[in-house]
Each structure stands twice: as C-alpha cells, then as structure tokens.
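Undergrad:
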C-alpha cells in the first residue's frame, strides 16, 4: 500500500521556486489522492506563473515515480484567475451595450499537425454520444483517413473502456504519446486515473486538463499529419465546451440526439451554442432510432434548424456489447448494417470537412 506520508515527504523534497519551501509545506499540493500504487494531485498557480511551475510539475512527477511500488502518477498544473468583487458603476443600458459587444474570441491554438478538428456533441447525456464518437472515428479511419479521438468528458471518461485501453501514455520530448487502438490515436483523462476515480475538479481545472491533452499530445507529425481529430465533448454547454471553442479552431460539429423531444430540445441548445460562436454544425445524427424511442425526430429537427441530416442508427444490442468489449462495432463487424450506416455518416462528414469528394 502506498504510504501518504512518504508521498508528502517526496513532494516536500521538490522546492517551490517562490517560497523556497517544499511543495507540500508551501500549500501547492491540492486534491492529493494516494492509493495502492498510484498518486495524483493538482498544482494551481496564477495564470502568469504557469511557465515558472512547468519544471516543478515535471520534478514532482519524477519524485513520485521514484517511490517504491509507485505505478501511476498524475500531476496536473492548472491556473485559475483570482476573482475580485465587482465594483458598481454607472453605464449604458444592456441593449446599448449589446450593440457594440465584440464577437466571441477567435481561437488560436490548433493542435500541431492536425488538419481538421471535429467536435461531437449532444447537449444531453445518455444519448450515446461517446458510442457515436468512437464508431464515427473508426468509420473515418476505415475510409483511409488518419484519425485521432480525444475524450473531453473529464468527469465521465468512457474512451478507455470503448477502445480497450489502459495504462498511462508515454511522455517523450515534451509531448504526450497517444495510445493507438483499432487504427485510432486516442487520449483520455481516464488513462491517467483509475476507472473508479471521481474527478472532483472545478471548471477551470477541468478546462486546463482538456487544453493540455488537446495541445500537448503528439497527434501527428510534419511528415504524417493527422487528417481529423474527433473530440468527444461532455454533455451540456459549460466550461469545457467553451474552453475548447475559444482556444481551438473547430472545423465543424456533429450533434447526436435520440428521436424524442426531451433530447431534441438539448440538441437544439447545442446547435445554438455552435452557431453563436461561428462553428458550423455539419449535421444531426439520430441515435437509438426504433420502436423504443421513436424515429424521425432528429431528421425533422435538422430540417427546422436548416442543417444536414446525417443519418439514423438503430438501438442495437451489438453496438452496446462491442463498446463494453473494447472494440468498436465498426471494427468488429465491418460488413454489418450498423457499420454501413456509420460509413454513410462518415462519408458525409468527410465531404463536409473537405477531406474527400462527394463521389468517394
């Protein structure tokens, strides 16, 4: 059993460059989790000091890895602006202010050597978005494209299970080396923690983790760039989605919904979010289509929103079993009906992204 006292002692051997104290003594070890063979914590510093503390994070990781029996280490460096109480002042009315309000910030941090970034969103949980993300990525790869998939749902990562992955990725030459499974390059916070771990992170901490995985992973190289990175977003329209949109130029979004109105209402909100920040919605996918949840809801909603309808996917037990087994159904049964449906969706998405022609 890993000893918490030994972990704290190892971290106190790493010096805080500002106070000269050890990390634990300086109060920089936040959210420490120590369990059998693993340890992890967060270093939270002012935004203008992240460069100063990057070597400290690396030194802390090295110190923990050197402990006997230590198998898995996760040290996250994050920055959070200090909130100041608002000062009440006179000003223009809201209507007048809105007329001159600047547009959403222009994204600036496209991952290196990645041609296209595709977001898969739902607005609502429980509609099978992660299943669609993984199988869509596999279908794009089956069409001859080089594809990566990023699990951006830091609170409920499912990519490791769906692709049968485990173990921390390597860190070489200042970059994370993604795992490769079923022809896909894959990265998830679930690869840095145990499956039963609960990620008790505030919004800025989760956003920082996503930014690090997105921009510090070696998705491609100059000689062999990645054609498309599929980003599996968490449900909703919160911090993680906004961080991704603001920091990374998205080439398009696919919205997943089940056919009934309770899910379509949230899909509508997701489309509104992307529309407001200038990210094109490439289309809607109707998942779990059939007798249980109904049919045609997403197609009708796509028509109302004026966006393409990409196709429907049935409520199929084989799709669930393949995900639980760690192998996308598109890869497990490439000639099956579900794989053909995903291939049709992948073709429409690839055309919309400019990665292949209409008749490919």
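Residue numbers (the UniProt record's numbering): 1 to 360. Even for Gly, the Cβ is constructed at its ideal location relative to N, Cα and C. Note that the structure is a prediction, hence the values are computed from the model and not measured.
Suppose you measure from the CA of residue 327 to the CA of residue 153; what does that come to, to the nearest Å?
TA: Here residue 327 is taken as the residue at index 327 of the chain shown, counted from 1. Here residue 153 is taken as the residue at index 153 of the chain shown, counted from 1. When the Cα atoms are used, residue 327 and residue 153 turn out to be separated by approximately 19 Å.
Undergrad: Considering only their Cβ atoms, is the gap separating residue 289 from residue 314 smaller than 8 Å?
TA: By 1-based counting over the chain shown, the position of residue 314 is 314. By 1-based counting over the chain shown, the position of residue 289 is 289. Yes, these two residues count as a Cβ contact at 8 Å.
Undergrad: Check whether the Cβ atoms of residue 345 and residue 316 sit closer than 8 Å, and answer yes or no.
TA: On the chain shown, residue 345 is found 345 positions in, with the first residue counted as 1. On the chain shown, residue 316 is found 316 positions in, with the first residue counted as 1. Taking 8 Å as the Cβ cut-off, residue 345 and residue 316 do not qualify as a contacting pair.
Undergrad: Here's the rule I'm using: 16 or more other beta-carbon atoms within 10 Å means buried, otherwise exposed. How should residue 19 be labelled?
TA: On the chain shown, residue 19 is found 19 positions in, with the first residue counted as 1. Residue 19 is exposed by the Cβ-count criterion.
Undergrad: Verify whether the separation of the beta carbon atoms of residue 160 and residue 140 is less than 8 Å.
TA: Within the chain shown, residue 160 is the residue found at index 160, counting from 1. Within the chain shown, residue 140 is the residue found at index 140, counting from 1. In this structure, residue 140 does not lie closer than 8 Å to residue 160 by Cβ.
Undergrad: Please look up how many angstroms separate the CB atoms of residue 70 and residue 37, rounded, as I've assumed it's under 8 Å.
TA: Numbered from 1 along the chain shown, position 70 holds the residue referred to as residue 70. Numbered from 1 along the chain shown, position 37 holds the residue referred to as residue 37. Contact flag correct, Cβ pair sits at about 6 Å.
Undergrad: Residue 87 by DSSP, collapsed to three states: which one?
TA: Working through the chain shown from its first residue, we reach residue 87 at position 87. Any reading at residue 87 must be qualified, since the residue scores a pLDDT of 47, below 50, and its modelled position is unreliable; the value itself is stated next. In the structure shown, residue 87 sits in coil (DSSP, three-state: anything other than H, G, I, E or B).
Undergrad: Which residue or residues does DSSP assign as beta-bridge partners of residue 53?
TA: Here residue 53 refers to the residue found at position 53 when the chain shown is read from its first residue. Bridge partners of residue 53: none, in fact.
Undergrad: Check whether the region 7–14 touches the region 26–41, counting contact only when three or more Cβ pairs, one atom from each stretch, lie closer than 8 Å.
TA: Flag = yes, the region 7–14 and the region 26–41 touch.
Undergrad: Here's the rule: buried if 16 or more other CB atoms are within 10 angstroms of the residue's CB, otherwise exposed. What is residue 181?
TA: Here the question's residue 181 lines up with position 181 in the chain shown. With 16 or more other Cβ atoms within 10 Å, it is buried.
Undergrad: Take the Cβ of residue 276 as the centre, count every other Cβ of all protein chains shown within 10 Å, and call the residue buried at 16 or more, exposed below.
TA: If you number the chain shown from 1, residue 276 lands on position 276. It is exposed - the Cβ of residue 276 has fewer than 16 other Cβ atoms within 10 Å.
Undergrad: Have a look at 135, 119 and 63 and flag the residue whose alpha-carbon is nearest the alpha-carbon of residue 341.
TA: Translated into positions along the chain shown, residue 341 becomes position 341. Checking every option, the nearest Cα to that of residue 341 belongs to 135.
Undergrad: Where in the region 278–349 do unbroken runs of the alpha helix (DSSP H), each at least 4 residues long, occur, reported from the N-terminal end onward?
TA: 297–305, 317–324 and 329–332
Undergrad: Report the residue from 250, 173, 53 and 178 whose alpha carbon sits nearest the alpha carbon of residue 115.
TA: Numbered from 1 along the chain shown, position 115 holds the residue referred to as residue 115. Minimum Cα distance to residue 115 is reached at 250.
Undergrad: Are residue 270 and residue 125 closer than 8 Å when you measure CB to CB?
TA: As a working note, residue 270 is residue 270 in the chain shown. As a working note, residue 125 is residue 125 in the chain shown. No, the pair does not count as a contact, with Cβ atoms beyond the cut-off.
Undergrad: Compute the beta-carbon to beta-carbon distance between residue 283 and residue 260, rounded to the nearest angstrom, for a pair I have assumed lies under 8 Å.
TA: For the purposes of this step, residue 283 is identified with residue 283 of the chain shown, where counting begins at 1. For the purposes of this step, residue 260 is identified with residue 260 of the chain shown, where counting begins at 1. With 8 Å as the limit, residue 283 and residue 260 do not qualify as a contact, their Cβ atoms being about 19 Å apart.
Undergrad: Going by the beta-carbon positions, is the gap between residue 256 and residue 287 smaller than 8 Å?
TA: The count along the chain shown starts at 1 and reaches residue 256 at position 256. The count along the chain shown starts at 1 and reaches residue 287 at position 287. Contact: yes.
Undergrad: With a threshold of 6 Å on Cβ separation, who are the neighbours of residue 231 within its own chain once the five nearest residues in sequence on each side are excluded?
TA: Translated into positions along the chain shown, residue 231 becomes position 231. Closer than 6 Å at Cβ, skipping near neighbours: 119, 150 and 152.
Undergrad: Looking only at its own chain, which residues have a Cβ that is under 7 Å from the Cβ of residue 42, when we skip the five neighbours before and after it?
TA: Indexing the chain shown from 1 puts residue 42 at position 42. So the list reads 30, 31, 76, 78 and 205, once near-sequence residues are dropped.
Undergrad: Following a CB-centred definition, is residue 344 positioned closer than 7 Å to any heavy atom of the ligand ATP?
TA: The ligand ATP is absent from the structure shown, which contains no ligands of any kind.
Undergrad: Let me make sure I understand the geometry here. Which of 254, 300 and 245 has the alpha-carbon closest to that of residue 278?
TA: Here residue 278 refers to the residue found at position 278 of the chain shown. When 254, 300 and 245 are compared, the shortest CA-CA separation from residue 278 is found for 245.
Undergrad: Alpha carbon to alpha carbon, how far is residue 168 from residue 188? Give it in angstroms, no decimals.
TA: By 1-based counting over the chain shown, the position of residue 188 is 188. By 1-based counting over the chain shown, the position of residue 168 is 168. Straight-line Cα distance between these residues: approximately 10 Å.
Undergrad: Please work out which residues of its chain come closer than 6 Å, Cβ to Cβ, to residue 121, disregarding the five sequence neighbours upstream and downstream, and give them in chain order.
TA: By 1-based counting over the chain shown, the position of residue 121 is 121. Counting only Cβ-Cβ distances below 6 Å, and skipping sequence neighbours, we find 233, 253, 255 and 270.
Undergrad: Here's a check: name, in chain order, each residue in its chain whose Cβ is nearer than 7 Å to the Cβ of residue 105, leaving out the five neighbours to either side.
TA: Here residue 105 corresponds to residue number 105 of the chain shown, with the count starting at 1. Per-residue confidence for residue 105 stands at a pLDDT of 44, beneath the threshold of 50, marking its modelled position as unreliable; no derived number is given.
Undergrad: With residue 34 as the anchor, note down where its beta strand (DSSP E) starts and where it stops.
TA: Against the chain shown, residue 34 aligns to sequence position 34. 30–35 is the extent of the beta strand (DSSP E) around residue 34.
Undergrad: Assign residue 12 to one of three DSSP states: helix, strand, or coil.
TA: Here the question's residue 12 lines up with position 12 in the chain shown. Looking at residue 12 - three-state DSSP - the assignment turns out to be helix.
Undergrad: Which same chain residues end up closer than 8 Å to residue 301 when comparing Cβ atoms and leaving out the 5 residues on each side of it in sequence?
TA: Working through the chain shown from its first residue, we reach residue 301 at position 301. Here the set comprises 257, 264, 267, 268 and 284.
Undergrad: Is residue 222 buried or exposed, if buried means 16 or more other CB atoms sit within 10 Å of its CB?
TA: Against the chain shown, residue 222 aligns to sequence position 222. Exposed, since its Cβ has fewer than 16 Cβ neighbours within 10 Å.
Undergrad: When burial is assigned at 16 or more other CB atoms within 10 Å of the CB, is residue 324 buried or exposed?
TA: By 1-based counting over the chain shown, the position of residue 324 is 324. By the neighbour-count rule (16 or more Cβ atoms within 10 Å), residue 324 is not buried but exposed.
Undergrad: Between the beta-carbon of residue 47 and the beta-carbon of residue 14, is there less than 8 Å?
TA: Here the question's residue 47 lines up with position 47 in the chain shown. Here the question's residue 14 lines up with position 14 in the chain shown. Not a contact, by the Cβ cut-off of 8 Å.
Undergrad: For residue 191, which of helix, strand or coil comes out of DSSP?
TA: Reading the chain shown from its first residue, position 191 is the one you call residue 191. Correct three-state label for residue 191: helix.
Undergrad: Could you please give the first and the last residue of the uninterrupted alpha helix (DSSP H) stretch that includes residue 172?
TA: For the purposes of this step, residue 172 is taken as residue 172 along the chain shown, with counting starting at 1. No alpha helix (DSSP H) contains residue 172, which is instead part of the beta strand (DSSP E) from 170–172.
Undergrad: On the DSSP bridge assignment, give the partners of residue 179 in chain order.
TA: Residue numbering aside, residue 179 sits at position 179 when the chain shown is read from its first letter. According to DSSP, which records beta bridges pairwise, residue 179 is partnered with 186.
Undergrad: In angstroms, rounded to a whole number, what distance separates the CA positions of residue 225 and residue 347?
TA: Position 225 of the chain shown, counting from 1, holds the residue named residue 225. Position 347 of the chain shown, counting from 1, holds the residue named residue 347. When rounded, the distance between both Cα atoms is 20 Å.
Undergrad: Could you tell me the boundaries of the alpha helix (DSSP H) in which residue 222 lies?
TA: Counting from one through the chain shown, the residue named residue 222 turns up at place 222. Segment: none, residue 222 is in no alpha helix (DSSP H) and carries neither H nor E.
Undergrad: Could you pull the start and end residues of the beta strand (DSSP E) that residue 38 belongs to?
TA: Locating residue 38 in the chain shown gives position 38, where the first residue counts as 1. Its beta strand (DSSP E) spans residues 38–45.
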